[in-house]
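Accompanying notes for the structure given below.
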């Protein structure tokens, strides 16, 4: 009897572990189907978390490519990443959020590369911590860092992602 119980437990654990692989396969095939269907009309693909039913991912496909709004959510349903795709490439301002829902930062993309202004925020999600500019995926120009009070702390000049000099420090 113990032998049969042991065999049953092995079979049961094997079946349960294969279920997650099946669900991953189904999610991937659903996404592929959304891409195929998008050749006929724009399609919004939404995938929920199994555990909670909350939205995990929202993608928009058109002509077989990601085109339009894109979102990733935390397990509890709060927004984690919000951006836009154009021809399968990140485009425009992307926002990144912490698990508590506060804004962590914003980055501007063009052709899937950071290009333009970026901002990082303190944990309250409202007060600016730093800002600067990306050119072709690299920091270029002046990056400013701020105190929680909003007063300028320092300014560093970057060239091709390399700090050239920190030009100012201000007491809080």
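In mature numbering (1 follows the signal peptide of the UniProt record, and there is no 0), the protein residues as written are -21 to -1, 1 to 151.
For glycine and all other residues, C-beta sits at the position ideal for the given N, C-alpha and C.
Computed from a predicted structure; not experimentally measured.
Restricting to Cα atoms, I'd like to know which of the options is closest to residue i.
i, options, result
"residue 74", "38, 137, 99, 26", "99"
"residue 138", "90, 111, 147", "111"
"residue 84", "30, 96, 128", "96"
"residue 107", "82, 135, 89, 116", "82"
"residue 240", "79, 43, 30, 143", "Absent from the structure is residue 240, since the part of the chain shown begins at -21 and ends at 151."
"residue 129", "142, 109, 143, 116", "109"
Looking at residue i: is its Cβ nearer than 8 Å to the Cβ of residue j?
i, j, result
"residue 54", "residue 76", "no"
"residue 91", "residue 118", "no"
"residue 88", "residue 70", "yes"
"residue 37", "residue 48", "yes"
"residue 39", "residue 33", "no"
"residue 94", "residue 114", "yes"
I'd like the list of long-range same chain contacts for residue i, defined as Cβ closer than 8 Å, with 5 residues on each side in sequence excluded.
i, result
"residue -20", "Any answer about residue -20 is weak, because its pLDDT of 41 lies below 50 and its placement is not dependable; what the coordinates show is given next. Here the set comprises nothing."
"residue 134", "121, 122, 123, 124, 145, 146, 147"
State the DSSP-derived secondary structure class of residue i, mapped to helix, strand or coil.
i, result
"residue 5", "Residue placement at residue 5 is flagged as unreliable, the pLDDT there being 36, under the threshold of 50; a coordinate-derived value is accordingly withheld."
"residue 58", "strand"
"residue 81", "coil"
"residue 110", "strand"
"residue 139", "coil"
Which same chain residues, not among the five before or five after residue i, have their C-beta less than 6 Å away from its C-beta?
i, result
"residue 104", "81, 82"
If I measure Cβ to Cβ from residue i and keep anything under 7 Å in the same chain, skipping five residues before and after, which residues do I get?
i, result
"residue 30", "54"
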